[in-house]
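Numbering (the numbering used here), first residue to last: 553 to 1093. Don't be surprised by glycine CBs; every beta carbon is placed ideally from N, CA and C. Bear in mind the structure is a predicted one, so any value in this text is a computation, not a measurement.
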């Protein structure tokens, strides 16, 4: 058996900064005992990690202020159990005799955050300001302020190969925290060239070397769908991703934004990233969804009013009776497509629907961030969609959005239903209800891309896949499919494609000479049946 390579002094110091104890370092390295790590430290003159020490005065003051181990621990950045041990050490075992204001605050969030951090309740703070301030360790964050934050989650897909190369150029051997990194191969899957196959192999090797737990290979589906359905991002948390549509996580009340490969590599090295607190736009959507109108139509209508530049480097918060009644899947579509407005992030406020969705998906405690009642918004828009009709985005700009009835009758060559934007079970069910027991038009290619393996299995179990196949559709592997315009559904010059993906497809390299329209799954399914763009109102119940 080959001898294990002994870490250098610099590597041991970096590991100690990340993992603190010899036990955690040994666990990270694998097949190494804590005693061996301690021996390496002594040989290289590295002192044992010194945990912070707190005086009896500090512990007593916090205990009398809050009277709760968890709240006190948050203030010191330690766990509930650790604070209790400090109290026991100083014999502070009795409850405070008098209640203070801090002890009367109610925790409505369902438990602590995954990160040790502080949560302060000050006026005029939006959800985005609260999340970023907490992750920066600040009491309050002002719009325009630059903060240094530690994310809860880093999400990458096939482009992780480029991030890995940039990280290796830095010269470090260990990422800051492998348990906060998620890599999903979903873009070019299966690999469509030897170059991409080698890139996938490079990613797999790096994942093994770094002990990255949350790696999902080519069979799992689109990265954003996988992250949300597995409960890997939680309300009140901060996520960054190489793909800009990471804004989708706002459906769970999280702040999620895109970064480039160089920024992600630096984050892997340091655990921190600089962000500018964005101004926030408040969008209120009231009314009742008319027949044939879905979440996709709502966000297209909002984009029609605000334009593709309406929220550049701004966060969006969605409210109103329509949003509050939407499922997480529908909110996912809203938050995902908000990127097309230029949004830095898009958030739907935490509520009982969010809580029920996460029940059983995660055992991690979380603390949602809720906007203050007097939160200051850069702009506020209110929409009533009582009389909204199905919407469609037309070529060659996301600013070109019309009612479906305005372009109805245009022939289509290909229809795509799926991807992370509209590839969840309820999206497929809407399309299947339209298509079931019918045949798609003989001049139309209908491609179905379930958002994930879990969606695919549920659709199989409920008979949706059978309905698609019997109608003449082609059901492909779960993932992004042709959304990025790379493969699995590229269209020829002069052809017209109707898709439920985001505008990424319209910008794809293989769609430059084709016409790409974006609409809801119901519109897509009805159009596939008729062979022309069709208003779905008459096809849905």
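Neighbourhood of residue i by C-beta distance below 7 Å, restricted to the same chain and skipping five residues each side
{"i": "residue 1019", "result": "984, 987, 988"}
{"i": "residue 1079", "result": "964, 967, 1050, 1085, 1086"}
{"i": "residue 1095", "result": "The shown model of the chain, from 553 to 1093, leaves out residue 1095, and the question about it has no answer."}
{"i": "residue 1040", "result": "1028, 1033, 1034"}
{"i": "residue 1017", "result": "1011, 1027"}
Range of the contiguous beta strand (DSSP E) that encloses residue i
{"i": "residue 834", "result": "832 to 838"}
{"i": "residue 803", "result": "First-last for residue 803: undefined, no H or E at that position."}
{"i": "residue 701", "result": "698 to 701"}
{"i": "residue 1032", "result": "Note, residue 1032: premise wrong, no beta strand (DSSP E); not H, not E."}
{"i": "residue 1001", "result": "997 to 1001"}
{"i": "residue 936", "result": "931 to 936"}
{"i": "residue 768", "result": "766 to 768"}
{"i": "residue 705", "result": "705 to 708"}
{"i": "residue 618", "result": "Segment 608 to 618 is the alpha helix (DSSP H) holding residue 618; no beta strand (DSSP E) there."}
{"i": "residue 954", "result": "953 to 955"}
{"i": "residue 875", "result": "Taken as a continuous stretch (DSSP letters only), residue 875 belongs to no beta strand (DSSP E), being part of the alpha helix (DSSP H) at 873 to 877."}
{"i": "residue 1069", "result": "1067 to 1070"}
{"i": "residue 827", "result": "825 to 828"}
{"i": "residue 943", "result": "943 to 945"}
Contact belief for residue i with residue j at Cβ below 8 Å, rounded distance in angstroms
{"i": "residue 532", "j": "residue 1026", "result": "There is no way to answer for residue 532, as the model of the chain reaches only from 553 to 1093."}
{"i": "residue 1072", "j": "residue 1053", "result": "That pair is no contact at about 12 Å."}
{"i": "residue 955", "j": "residue 941", "result": "5 Å"}
{"i": "residue 918", "j": "residue 703", "result": "Not really, about 15 Å apart at Cβ, beyond 8 Å."}
Straight-line gap, residue i to residue j (C-alpha atoms, nearest Å)
{"i": "residue 1005", "j": "residue 885", "result": "18 Å"}
{"i": "residue 959", "j": "residue 1050", "result": "12 Å"}
{"i": "residue 760", "j": "residue 891", "result": "33 Å"}
{"i": "residue 568", "j": "residue 762", "result": "16 Å"}
{"i": "residue 610", "j": "residue 602", "result": "19 Å"}
{"i": "residue 572", "j": "residue 687", "result": "20 Å"}
{"i": "residue 938", "j": "residue 838", "result": "8 Å"}
{"i": "residue 819", "j": "residue 790", "result": "13 Å"}
{"i": "residue 1042", "j": "residue 976", "result": "22 Å"}
{"i": "residue 898", "j": "residue 802", "result": "5 Å"}
{"i": "residue 1095", "j": "residue 726", "result": "Look at the range of the chain in this structure, 553 to 1093, and you will see that residue 1095 is not part of it."}
{"i": "residue 1002", "j": "residue 692", "result": "41 Å"}
{"i": "residue 905", "j": "residue 599", "result": "50 Å"}
{"i": "residue 1048", "j": "residue 995", "result": "12 Å"}
{"i": "residue 620", "j": "residue 689", "result": "20 Å"}
{"i": "residue 583", "j": "residue 631", "result": "28 Å"}
{"i": "residue 664", "j": "residue 833", "result": "Residue placement at residue 664 is flagged as unreliable, the pLDDT there being 32, under the threshold of 50; the coordinate-derived value follows with that caveat. Going by the C-alpha atoms only, they are around 28 Å apart."}
{"i": "residue 560", "j": "residue 717", "result": "21 Å"}
{"i": "residue 856", "j": "residue 951", "result": "6 Å"}
{"i": "residue 580", "j": "residue 636", "result": "28 Å"}
{"i": "residue 570", "j": "residue 728", "result": "6 Å"}
{"i": "residue 813", "j": "residue 606", "result": "40 Å"}
{"i": "residue 1024", "j": "residue 1045", "result": "24 Å"}
Endpoints, alpha helix (DSSP H) assigned at residue i
{"i": "residue 1048", "result": "Per DSSP, residue 1048 belongs to no alpha helix (DSSP H); it is in the beta strand (DSSP E), 1048 to 1051."}
{"i": "residue 1012", "result": "1005 to 1013"}
{"i": "residue 635", "result": "632 to 641"}
{"i": "residue 753", "result": "746 to 762"}
{"i": "residue 722", "result": "712 to 722"}
{"i": "residue 591", "result": "586 to 595"}
{"i": "residue 577", "result": "574 to 581"}
{"i": "residue 990", "result": "Where residue 990 is concerned, there is no enclosing alpha helix (DSSP H), given that its DSSP letter is neither H nor E."}
{"i": "residue 910", "result": "904 to 910"}
{"i": "residue 820", "result": "813 to 822"}
Other residues of its chain near residue i: CB distance less than 6 Å, five sequence neighbours each side excluded
{"i": "residue 766", "result": "734"}
{"i": "residue 873", "result": "838"}
{"i": "residue 831", "result": "695, 866, 930"}
{"i": "residue 575", "result": "586"}
{"i": "residue 741", "result": "770, 1031"}
{"i": "residue 712", "result": "735, 755"}
{"i": "residue 887", "result": "799, 800, 802, 803, 898"}
{"i": "residue 657", "result": "With a pLDDT of only 41 at residue 657, under the threshold of 50, the placement of this residue in the model should not be trusted; the figure read from the coordinates follows. Nothing listed; no residue qualifies."}
{"i": "residue 934", "result": "836"}
Same chain, Cβ closer than 8 Å to residue i, neighbours up to 5 away in sequence not counted
{"i": "residue 588", "result": "578"}
{"i": "residue 563", "result": "725, 726"}
{"i": "residue 1092", "result": "843, 844, 982, 985, 986, 1074"}
Residue i CB to nearest heavy atom of the ligand ATP below 7 Å
{"i": "residue 925", "result": "The ligand content of the structure shown is nil, which means the ligand ATP is not present either."}
Using 8 Å as the Cβ pair cut-off and three pairs as the minimum, do the region 734 to 751 and the region 693 to 700 touch?
no
Across the region 677 to 694 and the region 857 to 872, are there enough close Cβ pairs to call them in contact, namely three or more that are closer than 8 Å?
yes
Below 8 Å, how does it come out for the region 789 to 800 and the region 642 to 649: are there three or more Cβ pairs, yes or no?
no
Check whether the region 919 to 933 touches the region 1002 to 1016, counting contact only when three or more Cβ pairs, one atom from each stretch, lie closer than 8 Å.
no
Are at least three pairs of beta-carbons, each pair with one atom in the region 804 to 817 and one in the region 900 to 912, less than 8 Å apart?
yes
Between the region 707 to 715 and the region 768 to 783, do three or more beta carbon pairs fall short of 8 Å?
yes
May I ask you to verify whether the region 876 to 885 touches the region 833 to 852, counting CB pairs closer than 8 Å and requiring at least 3?
yes
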